[in-house]
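Q:
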Amino acid sequence: MKPRNLKPEPLKGTPMAIDLKAAYKTIMDDHFTPRMEISFIDGDSRQTLCYEKVSWVIDGEEKGLRYGENPGQEAALYKLVNGNLVLGEVTSLAPGRYLASDPELLQSGKHPGKTNLTDADNALNILRYLDDTPCAVIVKHNNPCGVARSDTLADAYYRANKADRLAAFGGCIALNREVDLETARLIVENYAEVVVAPEFASGVMDLFATKKNLRVMRINNMARLSTFVAQRVVDFKSLIDGGLVAQWSFVPEARTTAQLMPATCTRKDGTEHRIKRLPTPQEYEDLIFGWLVEAGVTSNSVLYVKDGATVGIGTGEQDRVGVAEIARDKAYRKLADWIAWEKHATPYNDLVLKFGDQGRSFMAEIDEEVKARKGGLPGCSMVSDAFFPFRDGAEVGIREGITAIVQPGGAIRDWDVIDCCNDANVAMVFTGQRSFK
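The opening position of the sequence shown corresponds to residue 136 in this note's numbering, with each subsequent residue numbered one higher.
Pasting the structure below:
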């Protein structure tokens, strides 16, 4: 019997060789209109929001977004230029106060795409609540991979990058103070796609020019970022059938330690359960810091934070125990990678590749250190964007040595989670508000 020819036939009209890399270099010629209007109509009343398309002059050409979420997707960036929307008792943000919708492109690097802008926007979403001290937010695929604040901008960036050096590769770095040379030198040690800041000190742009693919954006309104706190915009979600869901953007109501409530609840049988230990001043600071970072993390999410920096961030999981475990496991992995980088200037996963059998010895030593330090989790505060329906989610962090928890509260079994914390001498406070994103 003659064997069949198993060589695949090329599809008609399809070239056998495709330049996959070219897709990422191609700037789309979008067909979106230069202006857009959205009207809210109630009887004879009409409120209209007016938008203009944003573009930049790059290499002598006027260009809009590189592409959308993926190469080949046409996309356009619009800024709000006119219109004031009032629905019920809520008033939307006034036009003209531009942040990520109209950045000044100081260095274009690779031409900006949609994800670059939305990464910057979500970083600003977090930074607006943390404007009292120098702070750095590193965002990748619209989620923070490291957030830290400190007395200096350089230390804030160093600690944010340390939180997840691997994920920060190719990310968007947002800084809420003028970028000084010390901070810039740390930034250029790694590969970043975007740097966003209110201003750049003398010599910084010369340093950034050595990174040809880096996009550098100045956003002047970052100097007034705290004025965007509690400001709302209409958030649109498009459905596959062309429909829309419209909602007001989320605002975290608990923004100070005084607004956090001691965890208490009353069961149906009338018995009251109350947390025995309140947070220390440092724990309160970390709980508020973590809760405000939480506003920029995709739900379901759990964070671990310590001393004003993220230690482990779990995002987008379907169950609360699972996401608490993901944040825990990431803390262990990221600490191992950081130790490997500091001791051997090599990522943890490349130790064997670079050093052979000696690399295996290095890995074993690092594993022992990470295990002894429990991934850096002892003394952390645990942050959850929704209530714990059972004690098992909180227990994930408690077993690792966390000392305080912030969560919305409101579960039927709040009493069980409170008892769990009391048994472990862990402080817990409620926000009274969920923070899904």
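C-beta atoms are modelled at their ideal positions from N, C-alpha and C, and glycine is treated no differently. All values derive from a computational prediction rather than experimental measurement.
#1: With 16 as the cutoff for other CB atoms within 10 Å, does M136 come out buried or exposed?
#2: Closest to A562 by C-alpha separation, out of G431, A507, L413 and R455, would be which residue?
#3: Can you say whether E429 is buried or exposed, counting buried as having 16 or more other CB atoms within 10 angstroms of its CB?
#4: P138 by DSSP, collapsed to three states: which one?
#5: Leaving out the 5 sequence neighbours to the left and right, which residues in its chain are closer than 7 Å to V531 when beta-carbon positions are compared?
#6: Can you check DSSP and say which residues form a bridge with F175?
#7: Just the C-alpha distance for S373 and I173, rounded to the nearest angstrom, thanks.
#8: Between the alpha carbons of N560 and D551, how many angstroms are there, rounded?
#9: Smallest Cα separation from V282: which of V225, L427, E204 and N251?
#10: Can you tell me where the beta strand (DSSP E) with A562 in it begins and where it stops?
#11: Under a Cβ-count criterion, where at least 16 other Cβ atoms within 10 Å of its own Cβ denotes burial, should P269 be classed as buried or exposed?
#12: Just to confirm the assignment, what range does the alpha helix (DSSP H) spanning L288 have?
#13: How long is the line joining the alpha carbons of M357 and A291, rounded to whole angstroms?
#14: V192 CB to nearest chain D CB: under 9 Å?
#15: Evaluate the contact criterion for the segment 302–319 versus the segment 329–337: three or more CB pairs, one atom per stretch, below 8 Å.
#16: Would the segment 436–453 count as touching the segment 509–521 if we require 3 or more Cβ pairs under 8 Å?
#17: Taking C-beta to C-beta, are V189 and G431 nearer than 9 Å?
#18: In this structure, how does DSSP classify L146 when only helix, strand and coil are distinguished?
#19: Where does C556 sit, in a helix, a strand or coil, going by DSSP?
#20: Alpha carbons only, please: which of Y467, P482, K156 and F522 is nearest the one belonging to I503?
#21: Around the C-beta of P543, are 16 or more other C-beta atoms found within 10 angstroms, so that it is buried, or is it exposed?
#22: Nearest to L212 by alpha carbon, out of P238, A229, P206 and N219?
#23: Between which residues of its own chain and R402 is the CB-CB distance below 8 Å, once the five residues before and five after are set aside?
#24: Does the distance from the C-beta atom of G338 to that of L321 stay below 9 Å?
#25: Whose C-beta lies closer than 7 Å to the C-beta of V564 among residues of the same chain, with five residues either side of it excluded?
#26: Suppose the cutoff is 7 Å on Cβ atoms and the five residues either side in sequence are ignored; what does the same chain contact list for T406 look like?
#27: Is it true that the CB of A389 sits closer than 9 Å to the CB of T566?
#28: Tell me which same chain residues have a C-beta within less than 8 Å of the C-beta of L379, skipping the five on either side of it?
A: Taking the structure as given:
#1: Residue confidence for M136 is low, a pLDDT of 49 falling below 50, so the modelled location carries little weight; the figure read from the coordinates is stated next. Under this definition M136 is an exposed residue.
#2: L413
#3: buried
#4: The pLDDT assigned to P138 is 49, lower than 50, so where the model puts this residue is not dependable, and the model offers no usable value.
#5: A distance below 7 Å between beta-carbons, with the five flanking residues on each side excluded, links V531 to the following residues of its chain, in chain order: V456, A459, E460 and R463.
#6: Q182
#7: Roughly 14 Å separates the two Cα atoms.
#8: 14 Å
#9: Of V225, L427, E204 and N251, the residue nearest in Cα terms is L427.
#10: A562 to F565
#11: By the neighbour-count definition (other C-beta atoms within 10 Å, threshold 16), P269 is a buried residue.
#12: From DSSP, the alpha helix (DSSP H) with L288 extends over L288 to A298.
#13: 17 Å
#14: The structure shown contains no chain D, having only a single protein chain.
#15: yes
#16: Contact between the segment 436–453 and the segment 509–521 is present: 3 or more CB-CB pairs across the two stretches fall below 8 Å.
#17: no
#18: Any reading at L146 is ruled out, since the residue's pLDDT is 49, under 50, leaving its predicted position unreliable.
#19: Of the three classes helix, strand and coil, the one that applies to C556 here is helix, per DSSP.
#20: Reading off the sequence, residue 503 comes out as Glu, not Ile. Nearest C-alpha to E503: Y467.
#21: buried
#22: P238
#23: H408 and W550
#24: In this structure, G338 lies away from L321, with their beta-carbon atoms at least 9 Å apart.
#25: L395, M396, P397, A398, P414, L422 and V541
#26: none
#27: yes
#28: F371, K372 and S373
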